[in-house]
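Participant: Each residue of the sequence shown is one higher than the one before, counting from 14 in the working numbering. The beta carbon of each residue, even a glycine, is placed where N, CA and C say it ideally should be. None of these values were measured; they are calculated from a predicted model.
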Amino acid sequence: MSTSNKIYRDFGADNTGTTNCYQAVEAAWQHCLANGKDLYFPSGIYRITSENNFPFGRINGLPPTSLLDCKNITIFGDGPTTILRTDTINGGDVIQLNGAKNLHIRNLYLTATISGSGAGSNGVSITGGYDNITLDHIWCENLPSLDKTTYVDGGKALTIQTPVSGQTVVCGTLKATNIFAKGCVYGFGFEINLVAASTMDTSVDVDIVAEDCREAVIVSAGAATGAIPANWSMGVRVKAQAINCMTDVTLGRAHGVDVECQVITTKTRAQRILNYAGVKWFAADTVAKVVGLLAAYAHNCNVTITGNKGECASIAQIGGTSTGSSGLSASSLNSRFELGLRGTSVSGDIVEIDFGGNVANSCTFICYGSGSPSAAFYLPSRNNTIVFGNLHTLKDLSVQGAVKFTYTDGVNSYGEINYDDEAVTFRQTLGSSASLRVIKVLNNSGSTVFAMRNDGYLSTAGRLTASAVATVKGVLPIYDEANAFYGYVPVYTSYTP
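1. Using the beta-carbon count (16 or more within 10 Å), is Asn18 buried or exposed?
2. Closer than 7 Å by C-beta to Ala26: which residues in its own chain qualify, once you throw out the five before and the five after it? Chain order, please.
3. Going by other Cβ atoms of all chains shown within 10 Å of its Cβ, with 16 needed for buried, is Ser507 buried or exposed?
4. How is Lys280 classed by DSSP in three states: helix, strand or coil?
5. Indicate whether Ile318 and Leu352 have their beta-carbon atoms separated by less than 8 Å.
6. Look at Gly57 and Thr95 and say whether their C-beta atoms are less than 8 Å apart.
7. Taking C-beta to C-beta, are Cys325 and Thr357 nearer than 8 Å?
8. If you check the beta carbons only, do Asn115 and Asp91 fall under 8 Å apart?
9. Which residue wins for smallest C-alpha separation from Asn65, given the options Ile86, Asp100, Thr31 and Ile88?
10. Unbroken beta strand (DSSP E) runs of length 3 or more, entirely within the segment 222-282: which are they?
11. Using the C-alpha atoms, what's the distance from Leu489 back to Phe498?
12. Between Val454 and Phe201, what straight-line distance do the alpha-carbon atoms span, to the nearest angstrom?
13. Give the DSSP bridge partners of Ser426, in chain order.
14. According to DSSP, which residues form a beta bridge with Thr162?
15. Just reading off the alpha helix (DSSP H) that Ser45 is part of, what are its end residues?
16. Have a look at His405 and Thr398 and give me their C-alpha separation to the nearest angstrom.
17. What does the Cβ neighbour count give for Leu410, buried or exposed, with the cut at 16 atoms within 10 Å?
18. In this structure, does DSSP put Lys408 in helix, strand or coil?
19. By Cβ distance, which residues of its chain are closer than 8 Å to Asp468, with the 5 residues on each side in sequence left out?
20. So who's on the other strand from Lys441, going by DSSP bridges?
21. For Leu207, report the span of its alpha helix (DSSP H) as first-last.
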């Protein structure tokens with residue numbers, strides 16, 4: 014496609030940040046959309062006021078009944094020197110894509126200001142459905158938010174808020190790479206209606222660096238109003254680096270989400286609950302919310318979080334929450350948590366969220382940071398597999414082949430347990446000496462009390478001295494190494510020492 018470089022000459026857009034350029038940008042957008050041209054913003058400040066967003070995608074604000082085909086147009090700039098800014102009274106997302114498809118945006122810096130108390134402003138907000146949307150090299154900084162007592166409005170760098178209840182317009186593919194969020198409420202947020210989303214095949218792939226944000230990554234939904242398929246996946250994959258964020262990864266009623274997050278911390282707990290203006294993002298925030306991972310009802314998810322959380326309430330909080338009418342477990346279920354995060358916890362390292370006894374079931378925990386898992390995760394009824402340091406807690410283990418045991422070198426095997434189509438076998442491979450013992454039984458103090466030797470003889474500490482014996486009460490049959498009958502050992506009713 015050809016590029017329209019006439020945003021100055023033909024459309025009169027001011028790139029000094031002095032005047033409102035909404036009409037000029039809208040005219041340029043409509044021209045490019047009608048003629049299949051890319052839209053280029055050279056370096057400068059492009060400012061929109063009057064409660065408007067930059068007019069890409071649908072601009073009427075109404076729920077769409079279909080997706081607007083943007084014809085694979087690319088909207089692009091020169092990187093951080095191309096600044097798109099909304100200055101509004103009651104909030105204006107810089108870019109709001111409401112029901113758009115086949116649109117590509119790259120190399121832009123997004124920011125905003127508000128002077129009223131109506132709403133905050135987001136960087137890129139996706140609503141009303143989407144498909145074939147790509148974002149690359151987008152910088153979002155110091156986006157304004159408002160404390161609404163029960164939630165924080167605006168301030169999100171990249172937020173997907175679709176589908177909503179009853180929506181049938183498709184939510185398809187979105188790929189966002191090289192997203193940089195600084196001083197934002199969320200780096201990336203995915204907030205949807207579970208029932209509507211469970212009917213769609215969605216693919217969302219995000220690569221983001223979030224610095225000084227309230228939450229680096231959040232995937233959440235309200236309680237389901239209807240049934241949800243047990244094996245459903247939201248189709249969300251996130252790779253993130255979280256720098257000095259209050260909470261790094263939040264999963265609330267997440268299904269089939271993959272998150273990989275590296276955490277970097279140089280600030281205190283108290284500093285990480287403050288926004289870019291030095292005040293709390295949310296009045297209810299305390300240092301108790303400084304957590305690496307918060308997962309309440311994570312089903313079929315895969316989470317890896319590494320790095321250093323520094324001072325924190327917990328390395329991770331994992332467990333359950335209400336399910337609504339989903340018909341599914343309120344626990345975190347069938348998920349894998351790889352927790353290589355270091356830090357100094359004041360309220361426990363890896364702690365449970367106990368929602369009426371619903372915590373985590375059939376999950377795998379791999380813990381190699383500074384966090385130790387709560388005892389609640391180890392309960393046998395919860396069927397969790399836990400690796401903590403050199404300790405492995407396994408449930409219902411099935412083994413194909415042999416279990417081999419090494420010794421001081423950690424490489425060579427000196428004993429193994431196997432199955433030979435008839436029975437479980439125990440074998441030592443240290444040597445051929447008849448006196449070598451294959452199996453030893455130790456008592457509580459670690460002393461050998463019974464053993465089976467290489468030559469088949471028994472070695473036992475369970476011996477008594479007898480000078481005479483009484484009558485034979487019975488016999489024990491003995492079989493040879495081929496399982497053929499060999500003879501009997503008598504059992505006496507009593508003996509004389």
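Facilitator: This is what the structure gives:
1. Low confidence applies to Asn18: its pLDDT is 48, below 50, so where it sits in the model is not reliable enough to give any reading.
2. Ile20, Cys34, Ala37, Val38, Ala41 and Tyr59
3. exposed
4. coil
5. yes
6. yes
7. yes
8. no
9. Asp100
10. 228-234, 249-256, 260-268 and 271-277
11. 11 Å
12. 56 Å
13. Thr419
14. In the DSSP output, where bridge partners are listed per residue, Thr162 has none listed.
15. Note on residue identity: the sequence assigns Cys, not Ser, to residue 45. Where Cys45 is concerned, the enclosing alpha helix (DSSP H) stretches over Tyr35 to Asn48.
16. 8 Å
17. exposed
18. coil
19. Ala447 and Ser448
20. Before going further, note that residue 441 is Gln rather than Lys in the sequence given. Beta-bridge pairing links Gln441 to Gly428.
21. Leu207 to Ala210
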